[in-house]
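Below you'll find the structure, written out as structure tokens, and then a few comments.
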Amino acid sequence: MIGVEAPGMRTANYIFAVTSLVLGVLLILFLLTQTTSWNIGFAIGVVLVFNGIVRLWFARDDR
-4 MIGVEAPGMR TANYIFAVTS LVLGVLLILF LLTQTTSWNI GFAIGVVLVF
46 NGIVRLWFAR DDR
């Protein structure tokens, strides 16, 4: 069924995007209070933030 809109999927994308962004920012801020060296935690935080941005981009395009 091409062209059928799935509003539930767009809502799920928004929820996952915001959750990913919030968790990524919180992880980065938490790690900044613990250490100043780059480690795997910062990389995971950056990936979570990037994932949230990409999900928001695609959720916006789901129309």
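The opening position of the sequence shown corresponds to residue -4 in my numbering, with each subsequent residue numbered one higher. Glycine residues also receive a C-beta, built at the ideal position from the N, C-alpha and C atoms.
Here's the rule: buried if 16 or more other CB atoms are within 10 angstroms of the residue's CB, otherwise exposed. What is residue 43? buried
Starting from the Cα of residue 47, find the closest Cα among 17, 12 and 8 and give me that residue. 12
Determine the DSSP secondary structure at residue 34, reduced to helix, strand or coil. coil
Report yes if the CB atom of residue 40 is closer than 7 Å to the CB atom of residue 27, and no otherwise. no
Could you check if residue 32 is buried or exposed, using at least 16 other CB atoms within 10 Å of its CB as the buried criterion? exposed
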